[in-house]
Amino acid sequence: MAEALKTRKMLFTKQAVVDYMGQGEAAVLSLIKKGLPVRIEGRRWFAYVDNLEAWMQRWTLVSYEGQELPEDSE
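According to numbering that gives the first Met the number 0, the residues represented by the sequence shown are 0 to 73, in order.
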């Protein structure tokens, strides 16, 4: 049964989501509060990679053109 749960498109742990996003845990939690599509049930995390990608594409469409960038941005 465990074999049936393995897929490249689904992430099943907090660490898997953090690793996939390439950000620290605090940054990922901040993105979740902004709407990143991650389901958290108790201690289990569930995320569909295609949903993460689609959300990030929409979220990054916002431009800072004409605005001052935060000084601590990398």
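For every residue, glycine included, the Cβ atom is placed at its ideal position computed from N, Cα and C.
Where L68 falls, given that 16 or more other Cβ within 10 Å makes a residue buried: Within the sequence shown, the letter at position 69 stands for residue 68. Per the 10 Å Cβ criterion, exposed.
Anticipated Cβ contact below 8 Å, A16 with W44, distance rounded: For the purposes of this step, residue 16 is identified with residue 17 of the sequence shown, where counting begins at 1. For the purposes of this step, residue 44 is identified with residue 45 of the sequence shown, where counting begins at 1. Note that residue 16 corresponds to Val in the displayed sequence, not to Ala. About 5 Å separates the two Cβ atoms, so the contact holds.
Nonlocal neighbours in the same chain, by C-beta distance under 8 Å from Y19, ignoring five residues either side: The sequence position of residue 19 within the sequence shown is 20, counting from 1. Closer than 8 Å at Cβ, skipping near neighbours: L10, A46, V48, L51.
With 16 other Cβ atoms within 10 Å as the buried cut-off, status of V27: The residue you call residue 27 lines up with position 28 of the sequence shown. With 16 or more Cβ atoms within 10 Å of its Cβ, V27 is classed as buried.
Assigned secondary structure, E24 (DSSP; H/G/I helix, E/B strand, else coil): Sequence index remark: in the sequence shown, residue 24 carries index 25 (1-based). Reduced to three states, the DSSP call for E24 is helix.
Close Cβ partners of R38 (< 6 Å) along its chain, the five nearest in sequence each way excluded: In the sequence shown, counting from the first residue as 1, residue 38 sits at position 39. Closer than 6 Å at the Cβ level, and outside the excluded window around R38, lie F45.
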